[in-house]
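Student: Here it is, the structure in full.
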Amino acid sequence: MALAEPRRRQKWTLNPRGNLWANEENKFGQKLMEKMGWEKGKGLGAKKDGMLNPIKMRQKDDQKGVGFEGHDDTWLAHQDDFQSVLAALNAEHGNGTEQEKEALKRKSLELASKGSRRRVHYQKFVKGKDLDNYSQDDLGCILGTN
Numbered sequence: 000m001a002l003a004e005p006r007r008r009q010k011w012t013l014n015p016r017g018n019l020w021a022n023e024e025n026k027f028g029q030k031l032m033e034k035m036g037w038e039k040g041k042g043l044g045a046k047k048d049g050m051l052n053p054i055k056m057r058q059k060d061d062q063k064g065v066g067f068e069g070h071d072d073t074w075l076a077h078q079d080d081f082q083s084v085l086a087a088l089n090a091e092h093g094n095g096t097e098q099e100k101e102a103l104k105r106k107s108l109e110l111a112s113k114g115s116r117r118r119v120h121y122q123k124f125v126k127g128k129d130l131d132n133y134s135q136d137d138l139g140c141i142l143g144t145n
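Position 60, counted from 1, in the sequence shown is what numbering that gives the first Met the number 0 calls 59; the numbers after and before it change by one each time, with no gaps.
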């Protein structure tokens with residue numbers, strides 16, 4: 000048992016393989032089937048060519064439903080087609096470049112404070128804090144990187 004697996008209880012029984020019932024001859028179901036013509040070693044069905052072995056159960060240790068085999072990826076194909084159509088439309092009818100979008104998003108601090116009702120920021124304070132007004136050389140001199 001690996002450390003990454005979820006822990007589960009182990010069951011210790013006198014019949015670990017679960018086959019003691021197969022060796023027992025006086026079972027009700029077996030007696031009933033023998034009365035109807037079935038013999039040990041023959042299959043089920045009218046032509047006696049059906050399954051010979053019993054149905055085997057396995058322990059289900061996951062959270063998926065009974066009989067779950069896996070997801071069908073066909074329903075995802077529609078989503079991929081839709082995404083490609085949207086990408087083509089965006090490429091054709093884009094609203095501008097990335098730089099234009101960033102410029103619209105980024106409003107200078109000075110303009111934002113002028114538009115507010117309460118002018119908490121005064122003119123000198125706002126101009127001093129707004130770094131959009133300075134060039135890269137000016138910022139380098141102020142911060143001491145040049």
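Cβ coordinates follow ideal geometry from the N, Cα and C atoms, glycine included.
Smallest Cα separation from R8: which of N145, Q58 and L138?
Tutor: Q58
Student: Are the Cβ atoms of G40 and G49 separated by less than 8 Å?
Tutor: no
Student: Would you report the Cα separation of A21 and T12, rounded to the nearest angstrom?
Tutor: 16 Å
Student: Please report the residue range of the alpha helix (DSSP H) in which L138 lies.
Tutor: Q135 to L142
Student: How big is the Cα-Cα spacing for E91 and E68?
Tutor: About 41 Å.
Student: For Q58, report the span of its alpha helix (DSSP H) as first-last.
Tutor: Per DSSP, Q58 lies in no alpha helix (DSSP H) segment and is marked neither H nor E.
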